[in-house]
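Trainee: Read in our numbering, the sequence shown has 461 at position 439, and its numbers run on one by one without any break. Beta carbons: idealized from backbone N, C-alpha and C, even for Gly.
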Amino acid sequence: MDYNFVDFVDVPFTVPESNFVVCRAGDSLEVYCVEYERPLADCLVARISPKNNSPEFVPRACSGHLKFGSCTVAIYRNSLWIHSADDVVVQRCENGVSATVLYEGINEGDVQISYSGPLVPPDGDVPASWLSFRKKADAVVEQWMEKIPPVSDRRVPMTQQCWWVLGGNQVRFIDRDGATCRSIVPSKLGYVGLWQWDAYFIAMGIAHGDAELAREQLRIVVKFQTDNGQLPDVLFPGGVLADSADLPEADRLKLEADGSPTVGGNTVALTKPPLLAWAIEQIASGQSEAIRQELVAEFSGVVARNQEWWFNYSDISGGGLPEYLHPYSSGLDDSPIFDHEVPVATPDLAAYLSVQDSLLGEWFADNPVRSAAYKERSSRTHEKLLELWDDELGMFRYGHDVRIPQHRTIVSLLGVFDGRLPESVIDVVLRDIHDPARFATDYPLPTVSLDDDGYRADIMWRGPTWINTTFLVADGLERHGFSQEARRLRTAILDNLEKAGAAVEYVNSTTGIRCDNAVKSFSWSAALYVDCAVREFREVGC
Numbered sequence: 023m024d025y026n027f028v029d030f031v032d033v034p035f036t037v038p039e040s041n042f043v044v045c046r047a048g049d050s051l052e053v054y055c056v057e058y059e060r061p062l063a064d065c066l067v068a069r070i071s072p073k074n075n076s077p078e079f080v081p082r083a084c085s086g087h088l089k090f091g092s093c094t095v096a097i098y099r100n101s102l103w104i105h106s107a108d109d110v111v112v113q114r115c116e117n118g119v120s121a122t123v124l125y126e127g128i129n130e131g132d133v134q135i136s137y138s139g140p141l142v143p144p145d146g147d148v149p150a151s152w153l154s155f156r157k158k159a160d161a162v163v164e165q166w167m168e169k170i171p172p173v174s175d176r177r178v179p180m181t182q183q184c185w186w187v188l189g190g191n192q193v194r195f196i197d198r199d200g201a202t203c204r205s206i207v208p209s210k211l212g213y214v215g216l217w218q219w220d221a222y223f224i225a226m227g228i229a230h231g232d233a234e235l236a237r238e239q240l241r242i243v244v245k246f247q248t249d250n251g252q253l254p255d256v257l258f259p260g261g262v263l264a265d266s267a268d269l270p271e272a273d274r275l276k277l278e279a280d281g282s283p284t285v286g287g288n289t290v291a292l293t294k295p296p297l298l299a300w301a302i303e304q305i306a307s308g309q310s311e312a313i314r315q316e317l318v319a320e321f322s323g324v325v326a327r328n329q330e331w332w333f334n335y336s337d338i339s340g341g342g343l344p345e346y347l348h349p350y351s352s353g354l355d356d357s358p359i360f361d362h363e364v365p366v367a368t369p370d371l372a373a374y375l376s377v378q379d380s381l382l383g384e385w386f387a388d389n390p391v392r393s394a395a396y397k398e399r400s401s402r403t404h405e406k407l408l409e410l411w412d413d414e415l416g417m418f419r420y421g422h423d424v425r426i427p428q429h430r431t432i433v434s435l436l437g438v439f440d441g442r443l444p445e446s447v448i449d450v451v452l453r454d455i456h457d458p459a460r461f462a463t464d465y466p467l468p469t470v471s472l473d474d475d476g477y478r479a480d481i482m483w484r485g486p487t488w489i490n491t492t493f494l495v496a497d498g499l500e501r502h503g504f505s506q507e508a509r510r511l512r513t514a515i516l517d518n519l520e521k522a523g524a525a526v527e528y529v530n531s532t533t534g535i536r537c538d539n540a541v542k543s544f545s546w547s548a549a550l551y552v553d554c555a556v557r558e559f560r561e562v563g564c
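Here's what the structure looks like:
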């Protein structure tokens, strides 16, 4: 297989279950051991440089190893071996990683580097000979790539790249209880933890090739559910992020710089949108009914407790419609809807909760009283969603206070996730989706309408197109019966990433180019590309 998409700059070299990442810096290679919320510069552990400038020293990825001139570098878990190092200089770098980095053989030929510590699981049986080590390293990558699901011919190259990203973003770590976790993180460049809703989208994609690993992601997400039902925002080696008091310093500084209304307030719970039940149904849709029932049996209790948390602890106004207590809990961190007031009630959250209660009603069908209660609350939440509809503005409002300045964003479109909007409402939403002055860009769907004064073409959730929100809108349209429109948006997801040339975090919605601060090897983009490609193949074949 061709790994030319690994350019060692935007797409670094890495392998499944490893913290090692190899990047190019000028004529040299730099080896990093990445960690949660640690700046990349502090994770630099070694530099590999040619002794003599030579055009031969151009890195090339080959499954579990890379070639760098006459030198070969192989990685197996958290062991790295530099072979035939006579023509290169391997420099040990001072670093700020929390674990232990050991070096063997510096300036003595072959060099071996290992990364270990109390939160790093042991590598197990590491071969003592170079050839066996390289073969084992290659086998890990090759076995992962063999799991790629079938897609149409024209989608194969990007599917291979996306599947490689999903493998490359796997890490192993020790959780708060001392257990070993195998997690697919959003990216090894900046996001070395398990974010709750990332895990849902990632599981949906990898379920097409590794159903057990998909289920494992969900198990990690729910393991540290609190007694009151809250699901934490992030899980990372040795800990969880469950409230604003535990936010990393970089996040607090960013919120202050942005003038967020959350700064200086009380500590609030941090979570992510309630999409677990929906994600389980998405994963189960390509599997047998027996597998679906297994998933429902395993996770229904968790979902039910989490749903109660939203209504008991996140309905600050007491009006029956829960609010986001913090922008981070929405997943849309810097969206302009949070510029003026937090907590805030939003149409996307109302739609998510309505759908989740509806699914709980189905899951607990053998308990008629409980099932009816979920369905009734789903209907009440649906009505609360409709109360947010503003005929004059032609969109869903956010916030209970009509004086709050309104921005036209993807959050209004996400009201369609509810799946049962009146025709008069869905028609207006579709008009927005097809309006070139609003959301009908060449690379849909922008996260803020082009004609909104809050639109910023390249700033995260203030304008760029994100794969997951477009996917969620498409799913809602599908459940309204607009299958052709849903298919058009899923095709746009595929085309958008192919235009960008990688599984990018987000793109400029008018040019299709990756925005400057967007990660290039982003797991949920890769996973949803795979999911859309598999759906397309099932619908139209080759």
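Who does Glu126 pair with in a DSSP beta bridge?
Mentor: In the sequence shown, residue 126 corresponds to position 104, counting from 1. Gln134, per the DSSP bridge assignment.
Trainee: Go to Val162, then tell me how far its alpha helix (DSSP H) extends in each direction, as first and last residue.
Mentor: In the sequence shown, counting from the first residue as 1, residue 162 sits at position 140. Here the alpha helix (DSSP H) through Val162 covers 152-167.
Trainee: Taking C-beta to C-beta, are Asp379 and Gln329 nearer than 8 Å?
Mentor: Mapped onto the sequence shown, residue 379 falls at position 357. Mapped onto the sequence shown, residue 329 falls at position 307. Yes. Within cutoff.
Trainee: In the DSSP output, what is His87 paired with across the bridge?
Mentor: Counting from 1 along the sequence shown, the entry for residue 87 is found at position 65. In DSSP, His87 forms a bridge with Cys84, Ala96.
Trainee: Between the C-alpha atoms of Leu435 and Pro296, what's the straight-line distance to the nearest angstrom?
Mentor: By one-based count along the sequence shown, residue 435 stands at place 413. By one-based count along the sequence shown, residue 296 stands at place 274. Rounded to whole angstroms, Leu435 to Pro296 spans 17 Å at the Cα level.
Trainee: If we require 3 or more residues per run, which beta strand (DSSP E) segments fall completely within the segment 191-220?
Mentor: 192-196, 202-206
Trainee: Provide the residue(s) that pair with Glu52 in DSSP beta bridges, ordered along the chain.
Mentor: Here residue 52 is taken as the residue at index 30 of the sequence shown, counted from 1. Its beta-bridge partners are Cys45, Arg69.
Trainee: Tell me Ile455's beta-bridge partners as DSSP assigns them.
Mentor: One-based indexing of the sequence shown puts residue 455 at position 433. In the DSSP output, where bridge partners are listed per residue, Ile455 has none listed.
Trainee: How close, in whole Å, do the beta carbons of Trp332 and Leu292 come, if the pair is a contact with beta carbons under 8 Å?
Mentor: Counting from 1 along the sequence shown, the entry for residue 332 is found at position 310. Counting from 1 along the sequence shown, the entry for residue 292 is found at position 270. The pair is not a contact, with the Cβ atoms about 13 Å apart (cut-off 8 Å).
Trainee: Quick check on Phe360: does DSSP put it in helix, strand or coil?
Mentor: Your numbering for residue 360 matches position 338 in the sequence shown. Residue state, collapsed to three classes: helix.
Trainee: Given this structure, state the Cα-to-Cα distance separating Gly189 from Ser209, to the nearest angstrom.
Mentor: Here residue 189 refers to the residue found at position 167 of the sequence shown. Here residue 209 refers to the residue found at position 187 of the sequence shown. Looking at the two C-alpha atoms, the distance is approximately 11 Å.
Trainee: Return helix, strand or coil for Asp147, following the three-state DSSP convention.
Mentor: Position 125 of the sequence shown, counting from 1, holds the residue named residue 147. Coil.
Trainee: When burial is assigned at 16 or more other CB atoms within 10 Å of the CB, is His456 buried or exposed?
Mentor: Reading the sequence shown from its first residue, position 434 is the one you call residue 456. Classification for His456: exposed.
Trainee: So is Ser547 buried or exposed if we call it buried at 16+ other beta carbons inside 10 Å?
Mentor: Within the sequence shown, residue 547 is the residue found at index 525, counting from 1. So Ser547 counts as buried.
Trainee: Given a cut-off of 8 Å, decide if Ala221 and Leu240 are closer than it, judged by their beta-carbon atoms.
Mentor: For the purposes of this step, residue 240 is identified with residue 218 of the sequence shown, where counting begins at 1. For the purposes of this step, residue 221 is identified with residue 199 of the sequence shown, where counting begins at 1. Yes.
Trainee: Should the segment 516-534 be regarded as contacting the segment 183-197, the criterion being three or more beta carbon pairs within less than 8 Å?
Mentor: Yes, the segment 516-534 touches the segment 183-197.
Trainee: Apart from the five residues on each side of it in sequence, which residues of its chain come closer than 8 Å, Cβ to Cβ, to Phe258?
Mentor: What you label residue 258 is simply residue 236 of the sequence shown in a count that begins at 1. Only Tyr58, Glu59, Phe195, Val214, Gly215, Leu216 meet the Cβ criterion.
Trainee: Can you confirm whether the segment 153-169 touches the segment 496-512 when touching is taken to mean that 3 or more C-beta pairs between the two stretches lie within less than 8 Å?
Mentor: no
Trainee: Are the C-beta of Arg460 and some C-beta of chain D separated by less than 8 Å?
Mentor: The chain labelled as chain D is not found in the depicted structure, where only one protein chain is given.
Trainee: Could you tell me which uninterrupted alpha helix (DSSP H) segments, each at least 4 residues in length, are contained entirely in the segment 369-439, listed from first to last along the chain?
Mentor: 369-385, 390-409, 432-435
Trainee: Three Cβ pairs or more, each shorter than 8 Å: is that satisfied between the segment 165-175 and the segment 146-153?
Mentor: no
Trainee: Between which two residues does the beta strand (DSSP E) holding Ile481 run?
Mentor: Within the sequence shown, numbered from 1, the residue matching residue 481 stands at position 459. Careful: Ile481 lies outside any beta strand (DSSP E) and carries neither H nor E.
Trainee: May I have the straight-line CA-CA distance separating Val53 from Asn74, to the nearest angstrom?
Mentor: If you number the sequence shown from 1, residue 53 lands on position 31. If you number the sequence shown from 1, residue 74 lands on position 52. Roughly 20 Å between the two C-alpha positions.
Trainee: In whole angstroms, what separates the C-alpha of Arg509 from that of Val119?
Mentor: Position 487 of the sequence shown, counted from the first residue, corresponds to residue 509. Position 97 of the sequence shown, counted from the first residue, corresponds to residue 119. Approximately 45 Å, taken between the alpha carbons.
Trainee: On a Cα-Cα basis, can you pick out the residue from Gly91, Asp145, Val112 that is closest to Ser40?
Mentor: What you label residue 40 is simply residue 18 of the sequence shown in a count that begins at 1. The shortest Cα separation from Ser40 among Gly91, Asp145, Val112 belongs to Asp145.
Trainee: Rounding to the nearest angstrom, what Cα-Cα distance links Cys55 and Thr36 in this structure?
Mentor: To locate residue 55, count along the sequence shown from 1; it is residue 33. To locate residue 36, count along the sequence shown from 1; it is residue 14. Distance between the alpha carbons of Cys55 and Thr36: 10 Å.
Trainee: What does DSSP give as the partner residues of Ile104 in its beta bridges?
Mentor: Counted from its first residue, the sequence shown places residue 104 at position 82. Val95, Val133.
Trainee: Which value, in whole angstroms, describes the spacing of the CA atoms of Ala367 and Asp355?
Mentor: Here residue 367 refers to the residue found at position 345 of the sequence shown. Here residue 355 refers to the residue found at position 333 of the sequence shown. Approximately 15 Å, taken between the alpha carbons.
Trainee: From Asp337 to Val43, what does the alpha carbon distance come to, in whole angstroms?
Mentor: Counting from 1 along the sequence shown, the entry for residue 337 is found at position 315. Counting from 1 along the sequence shown, the entry for residue 43 is found at position 21. Computed Cα separation, rounded: 43 Å.
Trainee: Once DSSP output is grouped into helix, strand and coil, what is the label at Phe30?
Mentor: Position 8 of the sequence shown, counted from the start, is the residue given in the question as residue 30. Three-state DSSP puts Phe30 in coil, outside helix and strand.
Trainee: Excluding the 5 residues flanking Pro458 on each side, which residues of the same chain have their C-beta closer than 6 Å to its C-beta?
Mentor: Stepping through the sequence shown from its first residue, residue 458 is reached at position 436. Within the same chain, Pro458 has no close Cβ partners at all.
Trainee: Could you check how far apart the C-beta atoms of Thr94 and Ser85 are, in whole angstroms? I think they sit under 8 Å.
Mentor: Here residue 94 corresponds to residue number 72 of the sequence shown, with the count starting at 1. Here residue 85 corresponds to residue number 63 of the sequence shown, with the count starting at 1. Not really, about 12 Å apart at Cβ, beyond 8 Å.
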